[in-house]
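S.K.: The numbering used here puts the first residue of the sequence shown at 515, with every later residue one more than the last.
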Amino acid sequence: METSSISFDNLTVTCASNDTDGDGIANEFDLDSDGDGCPDAVEASVSGTLLPYIL
515 METSSISFDN LTVTCASNDT DGDGIANEFD LDSDGDGCPD AVEASVSGTL
565 LPYIL
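1) Strictly by DSSP, which residues pair up with residue 528?
2) What's the call for residue 547, buried or exposed, on a 16-neighbour Cβ count within 10 Å?
3) Return helix, strand or coil for residue 544, following the three-state DSSP convention.
4) Look at the alpha carbon of residue 520 and the alpha carbon of residue 530, and state the distance between them as a whole number of angstroms.
5) In its own chain, which residues sit with a C-beta less than 6 Å from the C-beta of residue 533, not counting the 5 before and 5 after it?
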């Protein structure tokens with residue numbers, strides 16, 4: 515898990531990125547975050563046109 519922190523006086527904010535499938539790409543940027551071979555957009559039933567390079 516990659517983390518980044520930023521501090522202001524007595525306040526510290528830490529953000530963590532999960533990588534569920536362990537491929538080195540954080541889930542929020544991974545087109546297939548669980549690594550099952552099916553793009554997240556298809557699993558979520560996103561309507562509309564998907565670009566060919568995503569599939």
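For glycine and all other residues, C-beta sits at the position ideal for the given N, C-alpha and C. The structure displayed is predicted, hence computed values, not measured ones.
M.R.: The relevant details are as follows:
1) BP columns for residue 528 point to 519.
2) Answer is buried; the Cβ neighbour count reaches 16.
3) Coil.
4) So the two alpha carbons sit approximately 12 Å from each other.
5) Hits under 6 Å: 540.
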